[in-house]
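Below: the structure, in C-alpha cells.
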Amino acid sequence: MALHKGAPALRRAIASSVPPSKRAFSVSMPHANEPTVDAAAFGEQHIAKGIGRLTKHVLEEGKGTYVITDQGKKLLDMTSGIGVVNLGHCHPKVSEAAAKQCMKLTHAQVNIGFNATQIALLKELIPILPHPSLDTVFLWNSGAEAVEAAVKLARAATKKQNIIVMQGSYHGRTSATAAMTRSKTIYGEGHGPLMPGIFATAFPYYSQFGLPADTPIDELVEMALFQLKLTLSQQTAPSDTAAIILEPVLGEGGYVPAPPAFLHGLRKVCDEHGTLLICDEVQSGMGRTGTMFAVEESGVRPDVLIFAKGIANGFPLSGIASTNELMGRQKPGTMGGTYAGNAVACAAAKAVIEVFREEKVLDNVAARSQQLFGFLNDLKNSGSKAGKLIQDIRGRGLMVGVQFQDADVIAQSQNEAARKKGGGGQIAPKVVQECVKRDMLLLSTSVFDVLRFIPPLTISEQEMQEACRIFGESLEAVAAEL
Ligand SMILES: Cc1ncc(COP(=O)(O)O)c(C=O)c1O
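With my numbering, you'll find the sequence shown wraps up at 468, consecutive numbering, no jumps.
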C-alpha cells in the first residue's frame, strides 16, 4: 500500500525539482499503481495502439483452464493464450522448475559457452521430434524468430533465395515473417517494404478455391499440387527456391489440417528440386493435435521443424530442428542471440516434456477432442436455428475450427470487427463476443467465418462441458438476432 501511494508522490517530487523544460515525463501522467487509476484505462493510453485485443480485461492470475482479472472475474480460457499454455496456466511442476532455475542461473549466454539447462532440455526434446534425422537444434525466443532462423538455414544450406509459402499462412509479424504471412493483409499493411523473395501457393482448403465444404479432399489436394507446379514454373524457378514452408494445420488461415497426401506431394516436389520442406509447428506442435507434432501423423519427414508456444508453457522459447548435416552448412557466428535458449525457459521446457509423460496428457487430448467433436457434431445435426449456422467442423486433437455458412470475407481482425458490431455479416466475431459476455475466452481466425477452440490440453471433462454449454448458448443468442 505504501508503495502504491508512494510511487506517484515520489515521481511528483522528482519532477518538481527539475525545471519543466528538462523534464523527461509529464507530471500529470497517471501511474498504474495509483489506486484511482483504472489499469485498463492506463493500458489503453500507454500501450502501443498497434495491438489488437479480444477484451479489455486486465489479466492478473492464471490457474489451469482459468484466468482471473484484476476485478476478480474468473474466465474460462479456450484460447490458452493463443496455444501457449498447453498444460494450463501456471502448471505447478513447470512453474517450480522455472523458479528453481531462477535461483541457480538465469542467463547462460549461448555465444559464451554451452548452457547446461539447454543441454538437459535437448536430451529430452530430440527423442520426441517427429523424425530421427532431426537431431540438431537451434533455440531462440519467439515463433517469428524461429521462422527467420529456418529461412536463414534454408538459404545458407541450399545457396538459393526464394521461399514458397501457403496462401493463408501465418508465420509472424517481423519484416521477414510478415512477408511470409498470407492469412490477412493487416499483418503487413502499411509497413512495407517487407522481405522480398516470397511466393505464395494454394493450400488445399475449399474456401480458398471458392468451393463448397463437401469438396472431396483428394480433389483439393490435386488442385493445390497443380498450383504448386504453376508456382514453380511461373513465379519462382526451382533453381531459385530454397524452401517450401507450411503449417501442418493452417492456423490463422482457418484451422485446416493439411491432408497427408498433400504433405507427401510436397515432400516429393522438394526431393525433385533440392528444395527444403519446412514445417512450422509453432501452433500445431507440443501435443496440440493429439501427437507431439502434427506432421507425425502423415509420416512425412520435414527438413526443418519449427517449434515455439507450447514448448515452455508460457516462457519465451522457440527453435528449429534439422539434420546435423544441414545445420553444419552454416558458419559459426551466423546464428545466436542475446537471450537465445534462455536458461529459465529451458528449465520450464524440460519440465513440460516430463509432465506430458507423467500425466499422460496426450490421452486427455484424445478424450477431450472426442467430447468436443461429439458436442459440435450433435449441435450441427440438431436441426436448431443455431446448428444450421454451422457449415464445417474440422481439426485434430484440441485444435478445432468451426466454420459458418457462407458469410462475407473480412480482412481486418475479427475481434475489432466484432467490437464495432460490424463483422461483415460474419457469425464468428459475434459468437466470440457472446462468449466473452458469459466469461469465456474464445478466438476467431482467418478472413473466413471461422472460430477456433484451442483450450489447455489438460482441460477436464467438466470444464469442456461448461465450454460447450457456453458456446451453445452464445451461438443461440447470435442465431436469435439474425
Ligand atoms: C504457425 C505460427 N508461426 C509463427 C508464429 C509467430 O510466433 P510468435 O508470435 O511467437 O512470433 C505463430 C504465432 O501465432 C504461429 O501460429
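A virtual CB, placed ideally from N, CA and C, is assigned to each residue, including glycine.
Pair within 7 Å by beta-carbon distance, residue i and residue j
i	j	result
Arg274	Gly158	no
Gln377	Phe390	yes
Leu235	Ala186	Note that residue 235 corresponds to Val in the displayed sequence, not to Leu. No, they are not a contact pair.
Ala415	Ser432	Residue identity check: residue 415 is Pro in the sequence provided, not Ala. Not closer than 7 Å, so no.
Leu40	Gly327	no
Gly305	Ala94	no
Lys336	Ala102	no
Tyr325	Asn127	yes
His117	Asn299	no
Gly319	Gln269	no
Lys79	Val388	no
Ser66	Ile440	yes
Ala210	Gln153	no
Ile456	Glu110	no
Tyr156	Thr171	no
Option nearest residue i by Cα separation, candidates the options
i	options	result
Glu233	Ser169, Pro415 and Met181	Ser169
Thr55	Glu447, Leu461, Leu437 and Met426	Met426
Leu437	Ile456, Ile413, Gly458 and Ala453	Ile413
Thr222	Leu249, His259, Phe195 and Leu206	His259
Ile297	Ile149, Lys416 and Asn72	Asn72
Phe293	Met278, Ser284 and Gly285	Met278
Ile149	Gln213, Gly99 and Thr217	Thr217
Val286	Gly322, Pro245, Val268 and Met272	Pro245
Gly458	Lys423, Phe361 and Pro441	Phe361
Glu283	Leu197, Lys254, His250 and Val255	His250
Pro288	Met272, Leu303 and Glu267	Glu267
Gln104	Ser368, Ala334 and Gln448	Ala334
Val100	Val422, Gly322 and Pro224	First, the residue type needs correcting, since residue 100 is Phe and not Val in the sequence shown. Comparing Cα-Cα distances from Phe100 to each of Val422, Gly322 and Pro224, the minimum goes to Gly322.
Asp392	Leu197, Leu252, Asn363 and Val422	Leu197
Through-space distance from residue j to residue i, alpha-carbon basis
i	j	result
Leu365	Ser355	15 Å
Asp121	Ile37	37 Å
Lys346	Ala247	30 Å
Ile445	Ala83	22 Å
Gln357	Met450	8 Å
Ala18	Phe28	Summary for Ala18: the model assigns pLDDT 49, below 50, so the residue's position carries little reliability; its value from the coordinates is reported in the next sentence. Distance between the alpha carbons of Ala18 and Phe28 is about 6 Å.
Ala453	Val70	19 Å
Cys332	Glu311	24 Å
Pro190	Asp24	47 Å
Ala537	Lys295	Absent from the structure is residue 537, since the part of the chain shown begins at -13 and ends at 468.
Ala165	Val242	21 Å
Val386	Ala352	12 Å
Gly174	Gly411	24 Å
Glu47	Asn350	24 Å
Leu206	Ala199	11 Å
Ile33	Pro179	25 Å
Val255	Arg343	36 Å
Lys145	Lys215	21 Å
Gln31	Val281	43 Å
Lys90	Met272	27 Å
Asp257	Phe195	27 Å
Nonlocal neighbours in the same chain, by C-beta distance under 8 Å from residue i, ignoring five residues either side
i	result
Ala463	Glu420
Tyr52	Lys60, Leu61, Leu62, Asp63 and His75
Ser12	Unreliable positioning characterises Ser12 in this predicted model, as indicated by a pLDDT of 47, which lies under 50. The coordinate reading is nonetheless provided below. None.
Pro202	none
Lys49	Gly74, His75 and Cys76
Glu447	Ala353, Arg354 and Gln357
6 Å CB neighbourhood of residue i in its chain, flanking five on each side removed
i	result
Phe434	Ser193 and Gly240
Ile264	Ala136, Ala229, Ile231 and Val290
Ala26	Lys42 and Val44
Ala140	Ala228, Ala229 and Leu262
Ala307	Leu115, Leu120, Val123 and Leu291
Leu461	Ala372 and Val417
Ala143	Leu312 and Arg315
Thr160	Ala130
Close Cβ partners of residue i (< 7 Å) along its chain, the five nearest in sequence each way excluded
i	result
Val330	Ala84, Gln87, Cys88, Thr92 and Phe301
Ala162	Glu134, Val137 and Met181
Ala465	Lys371, Ala372 and Leu375
Gly183	Gln147, Asn148 and Ile149
Val471	The requested residue 471 does not occur in the structure, where the chain is confined to residues -13 to 468.
Gly276	Leu348, Val351, Ala352, Ser355, Arg382 and Gly383
Proximity test, Cβ basis, 7 Å: residue i and chain D
i	result
Glu233	Note that chain D does not occur in the displayed structure, where there is just one protein chain.
- Any alpha helix (DSSP H) of 4 or more consecutive residues that is wholly inside the region 72 to 130: 78 to 88 and 102 to 111
- Item | Whole beta strand (DSSP E) elements within the region 239 to 317, 3-residue minimum | 262 to 266, 290 to 293 and 304 to 308
- alpha helix (DSSP H) runs wholly inside the region 346 to 401, at least 4 long, in chain order: 347 to 366 and 371 to 374
- Message: List, from N- to C-terminal side, the alpha helix (DSSP H) runs of 4 residues or more that fit wholly inside the region 399 to 466.
- Response: 400 to 405 and 414 to 423
- At 3 residues or longer, and completely inside the region 136 to 217: list those beta strand (DSSP E) runs for me, N to C. 148 to 152 and 184 to 187
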